[in-house]
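A quick write-up on the structure given underneath.
There are 2 protein chains.
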Amino acid sequence: MRLGILGSGQGSNMVAIAEQCASGALPAVVSVVISDVENAGILSRARGMALPAVYIAPGPYRTKLDESAEQEYVRVLKEANVEWIVLAGFMRIIKSEFLEQFWGKVVNIHPSLLPSFPGLEAWRQALDYGVKFTGCTVHIVDHGIDTGPILGQEIVPVLDSDTPKTLHSRIQEAERRLYPAVLRELAMDQIGIQGRRSHRK
Amino acid sequence: MRLGILGSGQGSNMVAIAEQCASGALPAVVSVVISDVENAGILSRARGMALPAVYIAPGPYRTKLDESAEQEYVRVLKEANVEWIVLAGFMRIIKSEFLEQFWGKVVNIHPSLLPSFPGLEAWRQALDYGVKFTGCTVHIVDHGIDTGPILGQEIVPVLDSDTPKTLHSRIQEAERRLYPAVLRELAMDQIGIQGRRSHRK
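Here the protein sequences come in this chain order: A and B.
Per the working numbering, residue 89 is the first one in the first sequence, and the count goes up by one each step.
Per the working numbering, residue 89 is the first one in the second sequence, and the count goes up by one each step.
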């Protein structure tokens, strides 16, 4: 299974995935890592692991890619022959034209138990709301914000002593377990999807 | 701690709570059980446990109490000297006038991990959405629908084989554990609330 990973930040999920590819625990290969941030940690860490790492300028908008940038992302991903696109802290919305090129094959991880707390800083939303459990969710990307079919979730208890920082940190630990685990199930063709519901084959 | 329990159905949560009161595990007493449904199981089961059980006709509306009915509920609860009002499958909305008589002292249990899936048939909403975990939530009742500060939650995994019926049944088992446990913490004055967040003192 050939993966294209997109990220804007430190790339800790990318590293967790790439390490499991390297060890053989995840029967997949990271074909290309792309970032919209030229000096993002994800690019330097990818290069440090000898993975193809590409910066593609996003264009003038803050929350999306402009049209020519989007076309360039699609071109690089197709050239790398990726079968699945893995969003790992990619901070821009993926628009319909992009999605339709890879429909049903773009996955994202979100730092909450969706459908609770979609959008930004989900750990802070959870803490402010006062839930006793939050977590992370791997889902297929569709046209909505954090709305696509769920492939896997992991629970993270909220502690009375939690701050946004401590809670976020424990959710990130869970993400580094969950994301490779779900990708492994995809690679082994163990996940079926009917409507919104996914199940183990 | 004197409890007034309101329910419209079989009263399985009422029984779980009353049993723990009787055994001493929950240092509280069920002072009165009230239903808006004359032949509801909750009333016959309360009478079977020698608890005061009262039917109060709700009036003509389907989803709320009419004004005189509401006044009668408040009168009976005050006469019974209840400190906390426990909603246990009570199928009518509690309006502001009622709530303000017992502000911050009305609790409810909801069959999901709020804020996911407020409203009716939360187990079916969870199944249709495709989440991997749901559960139940005990919360203070405020002016919204299932929006008040959370006192406790319990997780229930969703199984690939679940139907609405099997999932609902496992959530109900969790409710019968969680509700008495949270009431025990309230009775022992172990829960503090700041804003929306509750914590163990």
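Cβ coordinates follow ideal geometry from the N, Cα and C atoms, glycine included.
Check, Outcome
"Check whether the segment 246-261 of chain A touches the segment 90-98 of chain B, taking contact to mean three or more Cβ pairs, one atom from each stretch, closer than 8 Å.", "no"
"Could you pull the start and end residues of the beta strand (DSSP E) that P206 of chain A belongs to?", "Note, P206 of chain A: premise wrong, no beta strand (DSSP E); not H, not E."
"Determine the extent of the beta strand (DSSP E) in which H227 of chain B is found, giving its start and end residues.", "221-228"
"Could you confirm whether any beta carbon from chain B is found closer than 9 Å to the beta carbon of Y217 of chain A?", "yes"
"Measure the Cβ-Cβ separation of W172 of chain A and L91 of chain A and say whether it is below 9 Å.", "yes"
"Who are the near neighbours of V246 of chain B in its chain, counting only those whose CB is closer than 7 Å to its CB and skipping five residues on each side?", "A214, L215, V219, K220, F221, T222, L255"
"Give the range of the alpha helix (DSSP H) segment to which N101 of chain B is assigned.", "100-111"
"When Cβ atoms are compared, which residues of the segment 196-208 of chain B fall closer than 7 Å to chain A?", "L201, P203, S204"
"Along chain B, in chain order, which residues have C-beta atoms closer than 7 Å to that of K220 of chain A?", "I238, G240, Q241"
"H287 of chain A touches chain B at which residues, Cβ-Cβ below 8 Å?", "D248"
"Comparing C-alpha positions only, which one of B:P140, B:V103, B:C109, B:S100 sits nearest to R272 of chain B?", "B:C109"
"If we count Cβ pairs, one from each stretch, closer than 8 Å, do we get three or more for the segment 176-192 of chain A versus the segment 229-240 of chain A?", "yes"
"Name the chain B residues whose beta carbon is nearer than 8 Å to that of R284 of chain A?", "D216, Y217, G218"
"Under the three-state reduction of DSSP, which class applies to S200 of chain A: helix, strand or coil?", "coil"
"Near E242 of chain A, what residues of its chain come up, given a Cβ to Cβ distance below 7 Å and the 5 sequence neighbours on each side ignored?", "G223, C224, A262, R265, L266"
"With respect to 8 Å, is the separation between the Cβ of I105 of chain B and the closest non-hydrogen atom of the ligand SAH below this value?", "This structure lacks the ligand SAH, and indeed carries no ligand of any kind."
"Can you check whether the CB of P237 of chain A is closer than 9 Å to the CB of S286 of chain A?", "yes"
"Could you tell me which residues DSSP puts in a beta bridge with S286 of chain B?", "B:I281"
"Three-state secondary structure (DSSP) at R180 of chain A?", "coil"
"Out of curiosity, what's the CA-to-CA distance linking S200 of chain A and G147 of chain B?", "42 Å"
"Does the beta carbon of G232 of chain B sit closer than 9 Å to a beta carbon anywhere in chain A?", "no"
"Do I130 of chain A and A116 of chain A have their C-beta atoms within less than 9 Å of each other?", "no"
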